[in-house]
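Here the sequence shown is numbered in our numbering, starting from 754 and rising by one per residue.
Comments concern the structure below.
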Amino acid sequence: MRDLCARILAQRKLPVENRLGSGDCDPTSNKIKVMTMKVSKGLEFPVVALPGVGHMPATGGDEKEAARVLYVAATRATQRLLVTCSAGEGVVRKLA
């Protein structure tokens, strides 16, 4: 999902940074940072988008761990949070 999002943003000529780790991340730089939810831990951003949450957890995955990681990712947003889902399975059915 991370690579797909980064590729689509780049195709649309948007400034994008596909992050594999948190490392020396500058959240104030003028690029869209694309990373996994786990990599986002400890970072903060004005706007956070979480696409595909309806597919959490992955098949055979731990629902409690998925909820924990989702919480970590959602709390990275300091101003706005966008969560998208196309399925009402797993973690999503408990968000309502």
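The beta-carbon is built from N, C-alpha and C at its ideal position, and this holds for glycine as well.
- For a cut-off of 8 angstroms, the C-beta gap from K784 to E797 is around 16 angstroms, too long to register as a contact.
- Rounded to the nearest whole angstrom, the C-alpha separation of T837 and C778 is 24 angstroms.
- Between C758 and V787 the beta-carbon gap is near 5 angstroms, inside 8 angstroms, which marks them as a contact.
- Looking at the backbone, the Cα of G807 and that of K766 are separated by about 28 angstroms.
- In the three-state reduction of the DSSP assignment, R821 falls in the helix class, which pools H, G and I.
- The three-state reading of DSSP puts R772 in coil, since its state is none of H, G, I, E or B.
- Separation of M754 and G814 (C-alpha to C-alpha, rounded to the nearest whole angstrom) is 16 angstroms.
- Judged by beta-carbon spacing, K794 lies within the 8 angstroms limit of V825, meaning their Cβ atoms are closer than that value.
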